[in-house]
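Asker:
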Amino acid sequence: DIQMTQSPSTLSASVGDRVTITCRASQSITTWLAWYQLKPGAAPKLLIYKASSLEDGVPSRFSGRGSGTEFTLTISSLQPDDYATYYCQHNRFPGLTFGPGTKVTIK
Amino acid sequence: EVQVVESGGGVVQPGRSLRLSCETSGFTFGDYAMSWFRQAPGKGLEWVGLIRSNAYNGATEYAASVKGRFSISREDSKSIAYLQMSSLKKEDTAVYFCSRAYVVFWLGEFGYYFDFWGQGARVTVSS
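As you go down the protein sequences, you meet chains A and B in turn.
For the first sequence, my numbering assigns the number 1 to the initial residue and increments by one for each residue that follows.
For the second sequence, my numbering assigns the number 1001 to the initial residue and increments by one for each residue that follows.
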């Protein structure tokens, strides 16, 4: 299976900061990548699919870029509601593999 | 409004079985694949399995960690998906999530995005 890694594992930032999370695949996945947001006790939320397409209803401060093996999720201006853990996921079989997650905390 | 609600979680002894249900509304259930995921305590998200729509014969796929022990089924008339878990192990302890799968066919390949999720059902495997 393709392995996914993320960096950093934790990130401390203030409201209004620009935040970037990196996801890397062990081999090329073209643009078969999604980003999800997970908060404790809540349903996971799809943010980005096909590496750069914004899911309906997701604020435009979220954006995704990349192809091949390196991808980024950027939050242009961090809001209080954005403190959460973010996961990238390869969207094809085998494995439908997630990265280990990046926790965004309050600075 | 699309809704996804998991139920059936609880405490179960190792080696026993448990069935989770995923009740949905707000979309034509039979047109979509459905998938299960889990998050063990202190760990990240893990895909568990997927069942395709009946247009694709309801074919299933499973993660290696649960293959042969877990099975997914669907009841389109009730808009419900099920996760039957057997021979449970302590390492199966997790919150289990159900999600609708949005299938994309692009450049000859199928990809799966998970656009509506439930809030999860907690399963604890303990003696």
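Even glycine gets a Cβ: it sits at the ideal position worked out from N, Cα and C.
#1: Look at the alpha carbon of Lys1043 (chain B) and the alpha carbon of Pro100 (chain A), and state the distance between them as a whole number of angstroms.
#2: Measuring only between beta-carbons, confirm whether Trp32 (chain A) sits less than 7 Å from chain B.
#3: Return the chain-ordered list of same chain residues with a C-beta closer than 8 Å to the C-beta of Pro80 (chain A), the five sequence neighbours on each side being excluded.
#4: Checking 7 Å against the spacing of the C-beta atoms, do Gln37 (chain A) and Tyr83 (chain A) come in under that value?
#5: Can you tell me whether Asp1115 (chain B) is helix, strand or coil according to DSSP?
#6: Once you ignore the five residues that flank Lys1090 (chain B) on each side, which residues in its own chain have a CB closer than 8 Å to its CB?
#7: Any residues in the stretch 42 to 68 of chain A with a beta carbon nearer than 8 Å to a beta carbon of chain B? Which ones, in chain order?
#8: Would you verify that the beta carbon of Arg24 (chain A) is, or is not, closer than 7 Å to some beta carbon of chain B?
#9: Quick one: using the 10 Å Cβ neighbour count with 16 as the cut-off for buried, is Val1011 (chain B) buried or exposed?
#10: Find out if the Cβ-Cβ distance for the pair Ser1099 (chain B), Phe1110 (chain B) is shorter than 7 Å.
#11: Applying the 10 Å Cβ sphere with the 16-neighbour rule, what's the burial state of Thr31 (chain A)?
#12: Of the residues that make up the stretch 92 to 105 of chain A, which ones have a beta carbon closer than 9 Å to any beta carbon in chain B?
#13: Please list, in chain order, the chain A residues whose beta carbon lies closer than 7 Å to that of Trp1036 (chain B).
#14: Who are the near neighbours of Phe1027 (chain B) in its chain, counting only those whose CB is closer than 6 Å to its CB and skipping five residues on each side?
#15: Please state whether the Cβ-Cβ distance between Arg1016 (chain B) and Leu1083 (chain B) is less than 7 Å.
#16: Using a Cβ-Cβ cut-off of 6 Å (strictly less than) and excluding sequence neighbours within five positions of Val1005 (chain B), which residues of its own chain qualify?
#17: Check the Cβ of Phe1114 (chain B) against every Cβ in chain A and list those closer than 7 Å, keeping chain order.
#18: How many angstroms separate the CA atom of Val1103 (chain B) from the CA atom of Arg18 (chain A)?
#19: Taking only the alpha-carbon atoms, compute the straight-line gap between Glu1075 (chain B) and Arg1122 (chain B) and give it to the nearest angstrom.
#20: Is Tyr87 (chain A) close to chain B, meaning its C-beta is less than 7 Å from at least one C-beta of that chain?
#21: Give the interface partners of Gly1119 (chain B) over in chain A, defined as CB-CB distance under 9 Å, in chain order.
#22: Between A:Lys45, A:Trp35, A:Ala25, which lies nearest to Phe1116 (chain B) when the distance is taken from Cα to Cα?
Answerer: Taking the structure as given:
#1: 8 Å
#2: yes
#3: Val15
#4: no
#5: strand
#6: Listed in chain order, the non-local C-beta contacts of Lys1090 (chain B) below 8 Å within the same chain comprise Pro1014, Val1125, Ser1126, local neighbours out to five positions each way being set aside.
#7: Ala42, Ala43, Pro44, Lys45, Leu46, Tyr49, Lys50, Glu55
#8: no
#9: exposed
#10: no
#11: buried
#12: Arg92, Phe93, Pro94, Gly95, Leu96, Thr97, Phe98, Gly99, Pro100, Gly101
#13: Within chain A, no residue comes near Trp1036 (chain B); the closest Cβ sits about 11 Å away, beyond 7 Å.
#14: Non-local C-beta neighbours of Phe1027 (chain B) in its own chain, meaning closer than 6 Å and more than five positions away in sequence, comprise Val1002, ordered along the chain.
#15: Not closer than 7 Å, so no.
#16: Glu1023, Gly1118
#17: Leu46
#18: 32 Å
#19: Roughly 22 Å separates the two Cα atoms.
#20: yes
#21: The question names Gly, yet the displayed sequence has Gln at residue 1119 (chain B). Chain A residues near Gln1119 (chain B): Gly41, Ala42, Ala43.
#22: A:Lys45
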